[in-house]
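Below: the structure, in structure tokens.
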Amino acid sequence: DEQLLSDWVEMFTDDARYVVISRENADRGMPVGLIYCENKGMIYDRAFALEKTAMFAPRYLRHIIGNLQVLGERDKGEIRARANYVVLQVLLDRPDAKLHQVGAYHDVFRRVGSQLKLAERRCVYDNLLVDNALCLPV
């Protein structure tokens, strides 16, 4: 929410996958998403482009996360988790906040040294349309 994109990148493992996909496509097993990053390098490139080169209307995002469930462990001690999310967006030239996206995170965490990092984050959104631009991370 503070738009600290370089800190956001460091939450991921080197081989992490970050995907933003519609529920419709996810339910049908279709891999096409709005955003598809296959590793930390691609996640970094996205963050760098947003910080340094992209032009979009100034905005604030507010994430509300709830109903966190730890689903268990996978191979190599990876931890699977799921949480619901709502993202509200405020464009600085408008007086109101709008619902930007609502959905669920499907995460896999992995221990890297003494830290837990995201090895995979799938943001599966429920709304049929994503209002305005999807520029900042969900």
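With the first letter of the sequence shown counted as 1, position 61 gets the number 190 in the numbering used here; the numbers rise by one all the way through. By construction, the Cβ of each residue, glycine as well, lies at the ideal position given by its N, Cα and C atoms. All values reported here derive from a predicted model rather than from experimental measurement.
Check	Outcome
Whole angstroms is fine: what's the gap from V241's alpha carbon to M140's?	10 Å
So, for F177: in the same chain, excluding its five sequence neighbours on each side, which residues have a beta-carbon less than 7 Å away from its beta-carbon?	none
Using DSSP bridges, identify the partner residues of Y189.	V219
What are the boundary residues of the alpha helix (DSSP H) that includes K169?	K169 to F177
Indicate the three-state DSSP secondary structure (helix, strand or coil) for S151 in the structure shown.	strand
In the DSSP assignment, what are the bridge partners of V231?	V215
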